[in-house]
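Heads up: the sequence shown is residues 204 to 407, going by my numbering. Glycine is no exception: its CB is placed at the ideal position from the N, C-alpha and C atoms. Here is the structure we will look at.
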Amino acid sequence: NKGSGVRTPPTRVGIMGGTFDPIHHGHLVAASEVAHLFDLDEVVFVPTGMPWQKDPAKVTPSEDRYLMTVIATAENPQFRVDRIEIDRHGPTYTIDTLRQLRASYGPDVELFFITGADALGAILGWQNADELFELAHFVGCNRPGHRLSDSGLPEGKVSLVEVPALAISSTECRERVRKGEPIWYLVPDGIVRYINKTGLYRDS
Ligand code: ATP
Ligand code: MG
204 NKGSGVRTPP TRVGIMGGTF DPIHHGHLVA ASEVAHLFDL DEVVFVPTGM
254 PWQKDPAKVT PSEDRYLMTV IATAENPQFR VDRIEIDRHG PTYTIDTLRQ
304 LRASYGPDVE LFFITGADAL GAILGWQNAD ELFELAHFVG CNRPGHRLSD
354 SGLPEGKVSL VEVPALAISS TECRERVRKG EPIWYLVPDG IVRYINKTGL
404 YRDS
């Protein structure tokens, strides 16, 4: 029914978690490619509330990260953004998100959690790692500078896929803005404009 304007409930749903500080084309290409490869009905972008691995003082307010994620995904009918982590109190754990999404979608929907190679390699250190793999199938994407491997991860619960490689990171985008270097074409045009308008990432 794609493009007809009539919506049937999704049965295969991708979940793209991230700090999105800012969202960039590496995130968007990974989500788009996995949606294609796994025949997903939709991909839900879930901006992290308070990333437990990152220094809260150095993370941009969640409302800005949420808005940038909305701006970057608005034109793609297969993409949507969920506030689930932003509206939850306390440090963000993916296990809580997957439990909540599983509960709201119901038992019959297949969930695919999309990660880059770096995040995939770190999953065993996340909270309730074993339960994570019961709630969703994990899809690891190659990412320049990181080795894509499923060693140590449970068999049959993880797929490794090749996406067009983009050597872009949010850290580098923030650095570039701070130094007055362009980020055009690393992030969607609307994100360049949002960052210019708000003054995000400039030295305070
Ligand atoms: P930061 O530098 O602030 O950590 P980031 O670029 O790593 O930002 P995140 O929001 O931390 O972006 O990443 C969210 C998810 O997207 C993670 O699973 C990460 O591995 C994946 N990802 C980020 N950039 C890329 C990329 N260029 N190619 C493939 N996957 C990526
Ligand atoms: Mg990262």
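{"Query": "Element boundaries [beta strand (DSSP E), containing Glu384]", "Result": "It is not in any beta strand (DSSP E) - Glu384 carries neither H nor E in the DSSP assignment."}
{"Query": "Inter-residue Cα distance where the pair is Ile394 and Ile274", "Result": "7 Å"}
{"Query": "Cβ pair count under 8 Å reaching 3, the region 234–246 against the region 285–297", "Result": "no"}
{"Query": "Burial state of Asp285 (16 or more Cβ within 10 Å)", "Result": "buried"}
{"Query": "Residues sharing a beta bridge with Gly221, DSSP", "Result": "Pro250"}
{"Query": "DSSP state of Val458 mapped onto helix, strand, coil", "Result": "Within the shown structure, residues of the chain are numbered from 204 to 407, placing residue 458 beyond reach of any answer."}
{"Query": "Where Thr214 falls, given that 16 or more other Cβ within 10 Å makes a residue buried", "Result": "exposed"}
{"Query": "Gly393 in three-state terms, based on DSSP", "Result": "helix"}
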